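J.: Take a look at the following structure, please.
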Amino acid sequence: MTQDSLPFDARPDPMIGAALRRALDAGEHDRFVARVLARAEQLRAVSWDAVLARWARLGVAAAVLVALTAGYVVGRGRPTAPERATVPDAVLAPSTSAPPVEVVFASLIGN
Amino acid sequence: MADPPDPPQPPGEVARIGQQDETALVARAVNGDRGAFGTLVERYAATARRVARAVLGDPDDADDAAQDGMLSALLKLDQYDPRRPFGPWLLRIVANAATDRRRRRAVRRVEPLDPGFVAGGTRPDRTAERRALAQRLREALAELPERRRIAVVLFDVEGYSHAEIAQVLGIPEGTVRSEVFHARRRLRALLGDWKEDG
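Chains as they are written, first to last, in the working numbering: chain Y, 6 to 116; chain S, 357 to 554.
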């Protein structure tokens, strides 16, 4: 062990280093690496699922929007059928042509 | 096809892996190259585990934290600045993961002492003696402030420079020197006592 313990000593202490390494090494290096890589694969799969789900949601939303727009355009462009007049409409609606003169006079004389 | 991962680096060598090589590996990993990420994990796993254990003490907790840190780094790889060394960037994430885990831990678990070393036990053989020293070193480390522990492990075990450790810890380089100095003083005293006892 180096006896120099100045704060500006820039050299690693090999004895402290070796002792600490022994104290902190947990072993099973390959097993740990395999565990991290397996978890990384799971994360990748999860992130791909999330991407696909996001695209699927966007796709559904876009399809609904397109369907609504198409329905609106088609519905607006079609000519509307003339409405059939009901009986009260026919009775109450004013005539589009002026009544004959004799009819007007007859009604005046009658009153 | 992805390259097979390189064999583990000897302790202390990780800090000296060429930055160009690592930048290329990171670029490949960002683009989804599993082999490149595997190589990075292989190279840094031992260091990450030691740093996490210096923070947490418990080996299982430390492995969980090291794993969390490495996976977090994988998700953040696109944020890594390739002009800077990769090791300190990764180890900062690992150290933060370990610190977070320590804060969340409700009850601190203590590793049981080797039965051969409890008072009145039989005289330990050499292997058991080493294990006992390791146990005492871990206990001594646990008494140090967290930043001091990480600093001395990165400096004396992993071979990082004061400047690189300053990046990991986010503190000035002069503070790193001071932390290493105080940690060494404590550990040297312990090792000295151990020799005298032996």
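Note that CB positions come from ideal geometry on N, CA and C, so glycine has one too.
If you're wondering where the values come from, they're calculated on a predicted model, not measured in any experiment.
Can you list, in chain order, the stretches of the alpha helix (DSSP H) that have 4 or more residues and sit fully within the stretch 30 to 72 of chain Y?
T.: If we require 4 residues or more, the stretch 30 to 72 of chain Y turns out to have no alpha helix (DSSP H) run fully inside it.
J.: Could you tell me how far apart the beta carbons of A422 (chain S) and R405 (chain S) are, in whole angstroms, since I believe they sit closer than 8 Å?
T.: 5 Å
J.: Could you check the C-alpha separation between D481 (chain S) and L42 (chain Y) for me, to the nearest Å?
T.: 38 Å
J.: Could you compute how far the alpha carbon of R384 (chain S) sits from the alpha carbon of A392 (chain S)?
T.: 6 Å
J.: In this structure, how does DSSP classify S534 (chain S) when only helix, strand and coil are distinguished?
T.: Looking at S534 (chain S) - three-state DSSP - the assignment turns out to be helix.
J.: Name the chain Y residues that come within less than 8 Å of A401 (chain S), Cβ to Cβ?
T.: H34, F37, V38 and V41
J.: For chain S, find out if any of its Cβ atoms is closer than 8 Å to the Cβ of L29 (chain Y); answer yes or no.
T.: yes
J.: Quick one: list the residues of chain Y neighbouring E502 (chain S), beta-carbon separation under 7 Å, in chain order.
T.: Ordered by position in chain Y, no residue passes the 7 Å Cβ test against E502 (chain S), which lies about 14 Å from the chain.
J.: Just to confirm, are L433 (chain S) and V382 (chain S) a CB contact at a threshold of 8 Å?
T.: Yes, the Cβ-Cβ distance between L433 (chain S) and V382 (chain S) is below 8 Å.
J.: If the cut is a Cβ gap below 7 Å, which residues of chain S does L57 (chain Y) touch?
T.: Going along chain S, no residue has its Cβ under 7 Å from L57 (chain Y), so there is no contact; the nearest lies around 16 Å.
J.: Which value, in whole angstroms, describes the spacing of the CA atoms of S534 (chain S) and D35 (chain Y)?
T.: 35 Å
J.: Considering only C-alpha positions, which residue in the set S:L431, S:V407 and S:R503 is nearest to G388 (chain S)?
T.: It is S:L431 whose Cα lies nearest to the Cα of G388 (chain S).
J.: Please classify A422 (chain S): does DSSP put it in a helix, a strand, or coil?
T.: Correct three-state label for A422 (chain S): helix.
J.: Is the distance from the Cβ of V450 (chain S) to the Cβ of V407 (chain S) below 8 Å?
T.: yes
J.: For A68 (chain Y), which residues in the same chain have their Cβ closer than 6 Å to its Cβ, ignoring the five residues on either side in sequence?
T.: The beta carbon of A68 (chain Y) is closer than 6 Å to none in its chain, skipping five residues each way along the sequence.
J.: Under the three-state reduction of DSSP, which class applies to L497 (chain S): helix, strand or coil?
T.: helix
J.: Give me the Cα-Cα distance between R460 (chain S) and A488 (chain S), rounded to the nearest whole angstrom.
T.: 29 Å
J.: For R440 (chain S), name the three-state secondary structure that DSSP assigns.
T.: coil
J.: Would you mind working out which of S:L497, S:L543 and S:I521 sits nearest G413 (chain S), comparing C-alpha positions?
T.: S:L497
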